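K.L.:
Numbering (mature numbering (1 follows the signal peptide of the UniProt record, and there is no 0)), first residue to last: -22 to -1, 1 to 228. Ideal placement from N, C-alpha and C gives every residue a C-beta, glycine not left out. Quantities reported herein were computed from a predicted structural model and do not represent experimental measurements.
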Amino acid sequence: MISSGIVNILTSLTILSHSSLANLCANGWTYFNSTLYCYKVLSNVNYNDALNACKLEHNATLVSIHSDKENEFVNDLVTRSIEWSSPNLLTALIGLHDPDHSGQWQWTDGSIVDYKSWGPGQPNGQYGKEFCVETIETFQSEFEKRHHWNDIPCDLSRPAAVCAYCTGSCKSNPDETSSPRTTAKTCTLSQQSDESAKKWKIAFFILLLLFLLLLPFVIISARKARQTQWLSIDLSLLDFFTLCGEQCSE
Ligand SMILES: [Ca+2]
């Protein structure tokens, strides 16, 4: 019983701590704890409109993707956010582009291009004017799905686009004018978030300490209560026989 109580306290504090972190994102944005970024899906936009719309909220930009895990998260978020008749045609703009038309792909947030997930035969630069990128979650079967990127014309409107912003602070601000860009996509919790996490830890240890300090008193009180109960029963029996006297034996 005691161990289950401790587990319940730990579970509650963990849930509260996680919900506290999730609330770091503004309303309508989704937190991803692997990157500490908040993500939001826009609908029916081209590259420039999406970029401007992202920037209006929290100075966000189109998402940069740096791992299979993040790629999967982004595509799943798009699928969950946009109702579309055919999932294989639900595509979303991401922040990869070729602004110089030189074949050197860059992320709009200035982070280094250290991960790619091009589909078969892509980027193909069709008609020599595909300088922006969409991602698409293709379903090979009920149990198999793949995430593919495809270069497209920047003025082409797509069903979705994904914005992202760091919940805390980036390690270094990307220099929009530098070339090539070498900034890693790193996001650390802000000082305010760090302080919040520290407060939760302190509260947890105080509660745990109080629990452990009070535990002996609880056990002693429980034992005393049990002894008092037995004593009361004994005295009641004694009183019963004392008061009844001869009448009870009749
Ligand atoms: Ca293409």
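How would you label Lys47, buried or exposed, when you count the other beta carbons within 10 angstroms and need 16 or more for buried?
P.N.:
Locating residue 47 in the sequence shown gives position 69, counting from the first residue. The residue is exposed, with fewer than 16 neighbouring Cβ atoms inside 10 Å.
K.L.:
Are Tyr17 and Val41 closer than 8 Å when you measure CB to CB?
P.N.:
On the sequence shown, residue 17 is found 39 positions in, with the first residue counted as 1. On the sequence shown, residue 41 is found 63 positions in, with the first residue counted as 1. Cβ distance < 8 Å, so Tyr17 and Val41 count as in contact.
K.L.:
Tell me which same chain residues have a C-beta within less than 6 Å of the C-beta of Ser59, skipping the five on either side of it?
P.N.:
In the sequence shown, residue 59 corresponds to position 81, counting from 1. Taken in chain order, the residues that qualify are Val19.
K.L.:
Are His75 and Ser95 closer than 8 Å when you measure CB to CB?
P.N.:
In the sequence shown, counting from the first residue as 1, residue 75 sits at position 97. In the sequence shown, counting from the first residue as 1, residue 95 sits at position 117. Not closer than 8 Å, so no.
K.L.:
Can you find the residues in the same chain that come closer than 6 Å, C-beta to C-beta, to Val111, ignoring five residues on each side of it along the sequence?
P.N.:
Counted from its first residue, the sequence shown places residue 111 at position 133. Excluding residues within five positions, the ones whose Cβ falls inside 6 Å are Ile72, Leu74, Trp127, Asp129.
K.L.:
Give me whichever residues DSSP pairs with Thr86 in a beta bridge.
P.N.:
To locate residue 86, count along the sequence shown from 1; it is residue 108. For Thr86, which the question treats as bridged, DSSP gives no partner whatsoever.
K.L.:
Can the beta-carbon of Ala138 be found less than 8 Å from the beta-carbon of Leu68?
P.N.:
Along the sequence shown, read from residue 1 onward, the residue named residue 138 stands at position 160. Along the sequence shown, read from residue 1 onward, the residue named residue 68 stands at position 90. Yes, the Cβ-Cβ distance between Ala138 and Leu68 is below 8 Å.
K.L.:
Only counting the same chain, and skipping five residues up and downstream in sequence, which positions put a Cβ closer than 6 Å to that of Ile114?
P.N.:
As a working note, residue 114 is residue 136 in the sequence shown. Within the same chain, Ile114 has close Cβ partners Thr69, His126.
K.L.:
If the criterion is Cβ atoms closer than 8 Å, does the pair Cys141 and Leu14 meet it?
P.N.:
Against the sequence shown, residue 141 aligns to sequence position 163. Against the sequence shown, residue 14 aligns to sequence position 36. Cβ atoms of Cys141 and Leu14: not closer than 8 Å.
K.L.:
Quick check: the Cα distance between Ser199 and Lys177, rounded to an integer number of angstroms?
P.N.:
For this step, residue 199 is matched to residue 221 along the sequence shown. For this step, residue 177 is matched to residue 199 along the sequence shown. The alpha-carbon atoms of Ser199 and Lys177 are separated by roughly 32 Å.
K.L.:
Could you check if residue 246 belongs to the surroundings of ligand 1, using beta carbon to heavy atom distance under 7 Å?
P.N.:
Because the chain here runs from -22 to 228, residue 246 falls outside it and cannot be looked at.
K.L.:
Assuming Thr39 contacts Thr86 (C-beta within less than 8 Å), just tell me the rounded distance between them.
P.N.:
For the purposes of this step, residue 39 is identified with residue 61 of the sequence shown, where counting begins at 1. For the purposes of this step, residue 86 is identified with residue 108 of the sequence shown, where counting begins at 1. Right, the Cβ-Cβ distance comes to about 5 Å (below 8 Å), so this counts as a contact.
K.L.:
Helix, strand or coil: how does DSSP classify Tyr15 here?
P.N.:
Here residue 15 corresponds to residue number 37 of the sequence shown, with the count starting at 1. Looking at Tyr15 - three-state DSSP - the assignment turns out to be strand.
K.L.:
What separation, rounded to the nearest whole angstrom, lies between the Cα atoms of Gly146 and Gln205?
P.N.:
On the sequence shown, residue 146 is found 168 positions in, with the first residue counted as 1. On the sequence shown, residue 205 is found 227 positions in, with the first residue counted as 1. If you take the alpha carbons of Gly146 and Gln205, they lie about 57 Å apart.
K.L.:
For Arg201, count the other beta carbons within 10 Å of its own beta carbon; 16 or more makes it buried, fewer makes it exposed. Which is it?
P.N.:
By one-based count along the sequence shown, residue 201 stands at place 223. Answer is exposed; the Cβ neighbour count stays below 16.
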